[in-house]
Structures are given as structure tokens and as C-alpha cells.
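Pasting the structure below:
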């Protein structure tokens, strides 16, 4: 393992110290633990809290700020944050109108966020939750009942963040969230696995000429191992897996997010995006929102994921395009 | 070589197609070649042109837009753009008040930008140039007379872009540029070399326990090979090399840019930033501007660079903080 770190057990603390030092105008860390909150004044609106294990930077701390999350809870690397930690984030995010939890679908996350929800409710804080399960690669997985929650979660942050800033009620946000998650789907491909600092070696090994489709953001197994392919063929595989789920109809409006996994150069991300664009043009899909970059990474994994959001509500597009003040949107 | 590409000879074209597809509201590609220009209306102000070999994404196309560059010229991977290409960019950038060229100090770039400057001057376009040579690692190098131009170039784009947008004359911009480059210095460390797609293997090999200080952004040799070190020690090495150059005085105001080389996770960039912040605090340096992320990469190289800018003119800080509309600032 060759990483620019100090002690493996200190990576989350030191990373967040570096992050809050760099963006001290936008965010701060709570004294209660590894919780990043925005520095905006409280305005009586619904608060949004997300988080999960660390190692997916800039998720989720990079999306804390005006117009997106109120707080992000950062667990140890690839490990759910504790209920106490999440509870502190909920308290910090509450401005009197309740708090919405955005949870990636992993068993540990769901359990701990729901325990924290109960703790907060006992203190008379109203809390709702949405579980994001956008990864269509596999049903159930190492750490998951049902589908995993991955890069599409960032689009949920953005759209619900816009609603919250506009003063929507907790019930309205919950209702939109329910609609939204049905319309966001993701699938990925890995060229290498992530190395967790405290483990010291990659989660699995791929040879110099292998790729794996559908690997999870914690190096969970995917659905097929193959010899390396050109970008066009990777794009074809992923686009047509998504097509099966969405049942594309000509003229429909979608947004696309091409997400790098941490070690994938922008050059490759843009080449892949070009191939995706051409395939979706053949399908007569109208891509009205586009985003490319590292949003939901897996430490130093090489690979990328492709997310589509079907924009069945035109307000979602407006929400995606609104300016926000965050580190990484 | 395992990369998400199609034919190696098509990477630049396909990458730029993907980039302009994604950011079609901001930039477009000129029909004359691999030149990215902003879509803003012409306003009679000074134009800024930069560029160089591809492989440093998001540099430089990611910094084209309102408040930064007018145009970026994209050569083949790690290869200078041609004089003809640069000449087309100058013509596109000219709004009647002349064009400033921002050139990283590589012999091929300097020669070709200067030939293009002469071509433009024959067409009565006023052109000035600034050569950025911020890399303090080595004097002279594989492709360089004097010091190399690296990540600090992005800060030059930002500050001169602010001046140009405010309506400064070509002479004023040239004068600021001269002052600016003396106050920007960078030094890096590599954990691996970049793999140029058409070459198919890394520019050099480092073992699993080696790092090299001062490697260039085209995998040019650095100044020392060592066994892998903790982040704190890397930060110490780089900060004190910069100290020797700047002669830190307590209370001086600086800006810092921690730049990932392409395959370095944000986790490591923030941990390193935290270590740098602590060392500069000991030196009583006042870090009033901070930026962390992938700005001047070397394809898929693992490693990072540390840039300091001494803010001897307070207008530079204002310029760095001004909002711009670009892909990647």
C-alpha cells in the first residue's frame, strides 16, 4: 500500500481537519465527532442530513452547504457512522421544521440512521428518511438487503436541498424523495479495487487485462468479470443495462452523471461520456442535464459509474441547475 | 495499460467531444482543431489564451470561461500544440484589445506559442506573453530550459482573468503577470508515473515502497528517490523547499494550492493539506487563500504538488476569490 497518509487509524480525523481548514468559510466540524455542518445561519427550514462510511470523498461532506446538505456524518472508512454520531448531526441540522435523512442502502447505515431517528424523535425532533438504492448491478450484496445506494445519492442531495432551501415542508420533501429515488439508477465498472488504509491491500485483485462490471463502492462483487474492453463497449454494456430498467421512450428527458471512482483520470471520464452521449442519441433520449467528475468515489479505485435520472418532474431539472455553495457540487 | 479509452490516437478528440457535450452551455470547440473557447459575448476586452499538451485535465480547457481564459489550445498528450493551432486560438480570443498568452515553461510550448504570436502580429493582433516557471524542483529538465511550469499556472489564469474581465489593458496585464510569476512557486512528489496512451506503459517505474520528489508533470526526473514516507514528512520536505525560495517572514499572507496528479484520492490530498497547514502555522504564515483538488494533473499519476503564492498585492487575493464561470475552478 502506497498512500499519502500518516497512521491508518487517523485518516478520517486528519482528512476532515484538512477539509475544514481548506473550506473554513463554508463548513465546520462539530466538537462531538466527525460531523461536518454548514456555517449558514439557521432559517427555520427543513434540515438535510446524509453520510455513511468515509472513503467516498467528496461525498458527503463536499455537499454540505447552502442549497444542499445541512450536515454530513463521516464514519470510519467504509464503516457506518454510529447512532450517537448521527443523532448529533440531526440535532445540529434541526432548525425547527424537522430533519430529512438521506441514507444509502447498506444494512449498517440503515440500522444506525434509524436508531438515531428514534433518539431524535424522543427529543421531539421530527425526522423522516429516504433510502437511496440506485445501483442496479445486483440485488442484495455483501452489506445490503436489496440494491446498493451509490452515486445517484448526490442527485438526491441536490434536488431535496433545493426544496429545503425553498421552504418545503418535511412532508413535501419526503414525498418528492419517494418519487425521486424510483427515477435514479446507476451502474458501474471497476478496473481495480479500493485499498482501505487499515487493511493495506486491495479489496480484490483484477489482472492487467480484466475489468468487472457492477462492483460496489466498497469493492463488493459485481456481476461479470471480463477481459478489458474499449470505452465504447463499456458504455454500451452500462447504457443498455440502464435501458432495461428505464424502458427508454424517444424524446424523454434525462440527466446523466458520469462519476469517477477516485483514480480515474478526467480524460477517461470524458471519453466515456462521449460514448454514452452517442448511444443515448441513438435512443433519442434528450439529455438536458450533464455532470462529469469524482462525486462518489471508492478511495483509490479505478473505474466509473453511470447514473441516469429520468426527469419526470420539470422542477427536478430546475433544482439540479440552481447554484449552491458547497465544496464539490 | 488499463484505461477507459478507444483508440489511443483518438483520446484528445474524444475527450474534448465529451467535455464540450457536457459543458455545452459554457464552451465550444473550434472547427479549426482542438481549441476550446468560451461562449461569452465579445466585449472588447483583452483575451487570455493558454494551453499545452493534453493529459493535464482539467487544465487548461477547464479554466475557459467568464473571468478566466478566453481559449485553451489542446495539443496531443504531453505534446505542444502547433503554431497554427495556437494562432487560431489567438484569433478567436481577440476582441480588439489584444491577447495575452500564458505559457508553461517547456521548450516546445514556448517555441510554438511565440511562432503563433508572430503570426498574429502580422495580422495586426497585439500579443503579449508570460512564461510560468513555478516548479522549483530542478533547474533545466528533459523538455525545459530553466524551471518547468506546473500547477501555479492555474493561479495565473485566475488572477489575470480577473484583471481582463475588469477591463485592464494588455500592458497592465503583462505588468501584473511579470510580478505574479515571481511570487508563485510549486514543488511535487510522485508515487507513480503517468502512462501516455500511445506509449502504453508508465514513464518510469517506482517500486511499491518508493517515492520521488520533484517529478515533472510529464514524468520528467525529480531530485530525489526515497523510501515511502508518512504524509507529515512529505509535507515537511516540500514546505521547507518552498521556504528556502520564499524566505518566509512571520505574518506574511500566502495562498496555497494542493494539487492532485490524477490518481490521488481527495482523502490523501486533505490529509497532506492538514500537515502543510500545521507546518505553515509554525512558520506564522497567514494562509488567506486555500484550494485543494485536481487542477494540473499528469494523466493517471499518483502524487501531488504544493503551490504557494505570496500575496504581495492585495488585489491578487480579491481576484482569486472572485466567482467565475468555468468547468473546473
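Protein chains in written order, with our numbering: chain A, 1 to 329; chain E, 1001 to 1329. Ideal placement from N, C-alpha and C gives every residue a C-beta, glycine not left out.
- Cβ neighbours of residue 1153(E) within its own chain (closer than 6 Å, five residues either side excluded): 1104 and 1132.
- Annotated three-state conformation of residue 18(A) is helix, per DSSP.
- Minimum Cα-Cα distance from residue 1096(E) among the listed residues 1127(E), 1066(E), 1268(E) and 1073(E) corresponds to 1127(E).
- The beta carbon of residue 1026(E) is closer than 8 Å to those of 1038, 1039, 1064, 1065, 1325, 1326 and 1327 in its chain, skipping five residues each way along the sequence.
- When only Cα atoms are considered, residue 138(A) and residue 179(A) end up about 22 Å apart.
- Interface annotation, residue 1034(E): not in contact with chain A, CB-CB separation never under 8 Å.
- The C-beta separation of residue 161(A) from residue 311(A) comes to about 17 Å, leaving the pair out of contact by the 8 Å criterion.
- Its Cα nearest to that of residue 99(A), the residue 125(A) stands out among 78(A), 109(A) and 125(A).
- Taking a Cβ-Cβ cut-off of 9 Å, the neighbours of residue 55(A) in chain E comprise 1265 and 1267, given in sequence order.
- Secondary structure at residue 1163(E): helix, using DSSP grouped into helix, strand and coil.
- Of all residues in the stretch 2 to 23 of chain A, the ones placed with a Cβ closer than 7 Å to any Cβ belonging to chain E are 2, 3, 4, 5, 6, 11, 14, 15, 17, 18, 19, 21 and 22, in chain order.
- Partner residues in the beta bridge of residue 1254(E), as assigned by DSSP, are 1287(E) and 1310(E).
- Per DSSP, the continuous beta strand (DSSP E) segment holding residue 1213(E) begins and ends at 1210 to 1213.
- Considered as a whole, the stretch 1130 to 1192 of chain E harbours 1152 to 1165 and 1170 to 1182 as its complete alpha helix (DSSP H) runs of no fewer than 4 residues, in chain order.
- Counting C-beta pairs with one atom in each stretch, the stretch 1010 to 1027 of chain E and the stretch 1140 to 1160 of chain E have fewer than three that are closer than 8 Å, which means they do not touch.
- Between the alpha carbons of residue 1239(E) and residue 1250(E) lies a gap of roughly 15 Å.
- Annotation: residue 71(A) is outside any alpha helix (DSSP H); the continuous beta strand (DSSP E) that includes it extends over 71 to 77.
- Within a 10 Å sphere around the beta-carbon of residue 1031(E) sit fewer than 16 other beta-carbons, which makes this residue exposed.
- By DSSP's assignment, residue 301(A) forms a beta bridge with 262(A).
- Annotation for residue 1052(E): the continuous beta strand (DSSP E) segment containing it runs 1047 to 1054.
- Proximity of the stretch 296 to 312 of chain A to the stretch 177 to 195 of chain A meets the contact definition, three or more beta-carbon pairs being nearer than 8 Å.
- Taken through DSSP and simplified to helix, strand or coil, residue 229(A) comes out as coil.
- Cβ neighbours of residue 228(A) within its own chain (closer than 6 Å, five residues either side excluded): 209 and 211.
- Annotation for residue 89(A): 35, 49, 71 and 73 place their beta carbon closer than 6 Å to its own, counting only its chain and skipping 5 residues before and after.
- The beta carbons of residue 320(A) and residue 256(A) sit no closer together than 8 Å.
- Chain A places no beta carbon closer than 8 Å to that of residue 1080(E), leaving this residue out of the contacts.
- Within the stretch 267 to 290 of chain A, contact with chain E at the beta-carbon level (separation under 7 Å) is assigned to 267, 268, 270, 271, 272, 273, 274, 277 and 290.
- As a beta-bridge residue in DSSP terms, residue 1104(E) pairs with 1132(E).
- Going by C-alpha positions, residue 318(A) is about 20 Å away from residue 295(A).
- Listed along chain A is no residue with a C-beta nearer than 7 Å to that of residue 1241(E); the closest approach is about 17 Å.
- Identification of chain E residues near residue 304(A) by a Cβ-Cβ cut-off of 9 Å yields 1004, ordered along the chain.
- With respect to chain E, the C-beta atom of residue 208(A) has a partner C-beta closer than 8 Å.
- Distances from the CA of residue 1056(E) to each of 1045(E), 1011(E) and 1085(E) were compared; the closest alpha carbon is that of 1011(E).
- Linking residue 116(A) to residue 262(A) through their CA atoms gives a straight-line distance of about 30 Å.
- The Cβ neighbour count for residue 165(A), taken over all protein chains shown within 10 Å, is at least 16; the residue is labelled buried.
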